[in-house]
Amino acid sequence: MPTDDHPPASPSNARNDGIGQHLRRERLDRGFTLETLAERTGLSRSYLSNVERDVNSPTINTLRTIVEALGTTLSRLFQAADREQRVLTRPDQRVELTRAGVEGVTYTLLNPKHGGRLEMMMLEVAPGASSGDNPHTHAGEEVGLLLSGELDYWVDGVHFHLRPGDCVSFESTTPHRYRNPGEVPAVCIWSETPPGF
Numbered sequence: 018m019p020t021d022d023h024p025p026a027s028p029s030n031a032r033n034d035g036i037g038q039h040l041r042r043e044r045l046d047r048g049f050t051l052e053t054l055a056e057r058t059g060l061s062r063s064y065l066s067n068v069e070r071d072v073n074s075p076t077i078n079t080l081r082t083i084v085e086a087l088g089t090t091l092s093r094l095f096q097a098a099d100r101e102q103r104v105l106t107r108p109d110q111r112v113e114l115t116r117a118g119v120e121g122v123t124y125t126l127l128n129p130k131h132g133g134r135l136e137m138m139m140l141e142v143a144p145g146a147s148s149g150d151n152p153h154t155h156a157g158e159e160v161g162l163l164l165s166g167e168l169d170y171w172v173d174g175v176h177f178h179l180r181p182g183d184c185v186s187f188e189s190t191t192p193h194r195y196r197n198p199g200e201v202p203a204v205c206i207w208s209e210t211p212p213g214f
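Here the sequence shown is numbered in this note's numbering, starting from 18 and rising by one per residue.
Put into structure tokens, the structure is as follows:
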């Protein structure tokens, strides 16, 4: 889906996650409210809320107090955070990209930290937008599933009109291009190997 004839994409949203979300998950897993945790730690509810939202960065001693009240350890908390970052991408951790010279097309990487041989993305093509008039090729293979809207797709000069639920798969070395002929955005889930971003 990405093209070799356009400059590299640039991220329009990405964030680094702190430890707060992991503390919140531990608290919720134990059925604790913020008030309960405040009572167990002697820290204020508002401070704990800020820590969970990564607004405040606790000292190591304060962090130890919180994890002990949650019945876990710093080591287990950081191990869980590390395992999650290697395996799981949450919606607010996705990276949204656009390409210079391609208007109305947004790529959202679904596995931005993966670093493997397979890349998953969500593609949104605005009404009338396209990958350009000239077909493009690159190494690898790709599979795309249209979730909503409609999409015209050309593979090796053959035209396919995709409706929701339709899936295309092809060698990326085959010339291909796309265009949204509809009046609403076309939303697809796309997978390719090797990663293009």
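C-beta: ideal position from N, C-alpha, C; glycine also.
Helix, strand or coil: how does DSSP classify Ser186 here?
Translated into the one-based positions of the sequence shown, residue 186 becomes position 169. Residue state, collapsed to three classes: strand.
What is the DSSP secondary structure of His39, reduced to helix, strand or coil?
Stepping through the sequence shown from its first residue, residue 39 is reached at position 22. Looking at His39 - three-state DSSP - the assignment turns out to be helix.
According to DSSP, simplified to helix, strand and coil, what is Phe95?
In the sequence shown, counting from the first residue as 1, residue 95 sits at position 78. Of the three classes helix, strand and coil, the one that applies to Phe95 here is helix, per DSSP.
On the CB-based measure, 16 or more other CB atoms within 10 Å of its CB, does Asp21 come out buried or exposed?
As a first step, residue 21 must be located in the sequence shown, where it is residue number 4. Summary for Asp21: the model assigns pLDDT 42, below 50, so the residue's position carries little reliability; its value from the coordinates is reported in the next sentence. With fewer than 16 Cβ atoms within 10 Å of its Cβ, Asp21 is classed as exposed.
Meets three-Cβ-pair contact criterion under 8 Å: the segment 169-187 and the segment 106-123:
no
How many Å lie between Gly145 and Pro192 at the Cα?
Along the sequence shown, one-based indexing puts residue 145 at 128. Along the sequence shown, one-based indexing puts residue 192 at 175. Approximately 20 Å, taken between the alpha carbons.
Whose CA, out of Phe95, Thr115, Thr125 and Gln96, lies closest to the CA of Asp109?
Along the sequence shown, one-based indexing puts residue 109 at 92. For Asp109, the nearest C-alpha among the options comes from Thr125.
Taking only the alpha-carbon atoms, compute the straight-line gap between Arg70 and Pro212 and give it to the nearest angstrom.
Locating residue 70 in the sequence shown gives position 53, counting from the first residue. Locating residue 212 in the sequence shown gives position 195, counting from the first residue. Using only the alpha carbons, I get a separation of about 32 Å.
When the Cα atoms are used, what is the spatial distance from Glu200 to Gly166?
The sequence position of residue 200 within the sequence shown is 183, counting from 1. The sequence position of residue 166 within the sequence shown is 149, counting from 1. Spanning the two alpha carbons is a distance of roughly 8 Å.
Look up Asp169 in the DSSP assignment and give the residues it is bridged to.
The residue given as residue 169 occupies position 152 in the sequence shown. Asp169 pairs with His178 and Arg196.
How many whole angstroms separate the CB atoms of Leu54 and Leu65, which I take to be in contact at a CB cut-off of 8 Å?
Counted from its first residue, the sequence shown places residue 54 at position 37. Counted from its first residue, the sequence shown places residue 65 at position 48. Right, the Cβ-Cβ distance comes to about 6 Å (below 8 Å), so this counts as a contact.
Through-space distance from Leu114 to His176, alpha-carbon basis:
By one-based count along the sequence shown, residue 176 stands at place 159. By one-based count along the sequence shown, residue 114 stands at place 97. Their Cα atoms are separated by approximately 27 Å.
If Asp169 and Tyr195 are in contact, beta carbons under 8 Å, what's the gap, nearest whole angstrom?
Reading the sequence shown from its first residue, position 152 is the one you call residue 169. Reading the sequence shown from its first residue, position 178 is the one you call residue 195. Going by Cβ atoms, the distance from Asp169 to Tyr195 rounds to 7 Å, so yes, they are a contact pair.
Going by other Cβ atoms of all chains shown within 10 Å of its Cβ, with 16 needed for buried, is Ser63 buried or exposed?
One-based indexing of the sequence shown puts residue 63 at position 46. So Ser63 ends up on the exposed side.
Enclosing beta strand (DSSP E) for Ser208 [first to last residue]
The residue you call residue 208 lines up with position 191 of the sequence shown. Here the beta strand (DSSP E) through Ser208 covers Ala203 to Thr210.
Can you tell which of Ser148, Arg93, Leu40 and Met137 has its C-alpha closest to the C-alpha of Arg111?
Within the sequence shown, the letter at position 94 stands for residue 111. If we check each option's Cα against that of Arg111, Met137 comes out closest.
For Leu105, name the three-state secondary structure that DSSP assigns.
The residue given as residue 105 occupies position 88 in the sequence shown. Three-state result, Leu105: coil.
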